[in-house]
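To keep things clear, I will list the structure first and then write my remarks on it.
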Amino acid sequence: MSHSEHRGERARQAAACELRAAVARKQLTLSALSAAAGIPRSTLHSKLQGHSDLTVAELVKLAIALDVPVARLVARMVEVSEGEGTGKPAQR
1 MSHSEHRGER ARQAAACELR AAVARKQLTL SALSAAAGIP RSTLHSKLQG
51 HSDLTVAELV KLAIALDVPV ARLVARMVEV SEGEGTGKPA QR
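Shown next, in the form of structure tokens:
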């Protein structure tokens, strides 16, 4: 795996981790988040597990549904992909 592929994988996992933490804080079910964000449940499950990349549109929809600033999610993705973070959710 190349360095850029590794960074992309770390960013994907960081985004999934942050989103799962936000879902837990909001106490939402996957079905409720799917409906709120307009993303099919099976697709959402794959994204939250870090198995597939999030599109910018999906990231925005999820941030809105979870009432989380998109900038926070993106900053965390960058932080982890550059090796500055642990890959665990940021403390709030």
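Residue numbers (the UniProt record's numbering): 1 to 92.
Idealized CB from N, CA, C, for every residue including glycine.
Note on geometry: alpha-carbon atoms of Leu66 and Asp53 lie some 18 Å from one another.
In the DSSP assignment, Met77 falls within the unbroken alpha helix (DSSP H) covering 70-81. Per DSSP, His51 lies in no alpha helix (DSSP H) and is assigned neither H nor E.
Spatial neighbours of Leu33 in its own chain (CB-CB distance under 7 Å, excluding positions within 5 residues in sequence) are listed in chain order as Val23, Leu44, Ala65. Within a 10 Å sphere around the beta-carbon of Val68 sit 16 or more other beta-carbons, which makes this residue buried.
Annotated three-state conformation of Thr43 is helix, per DSSP.
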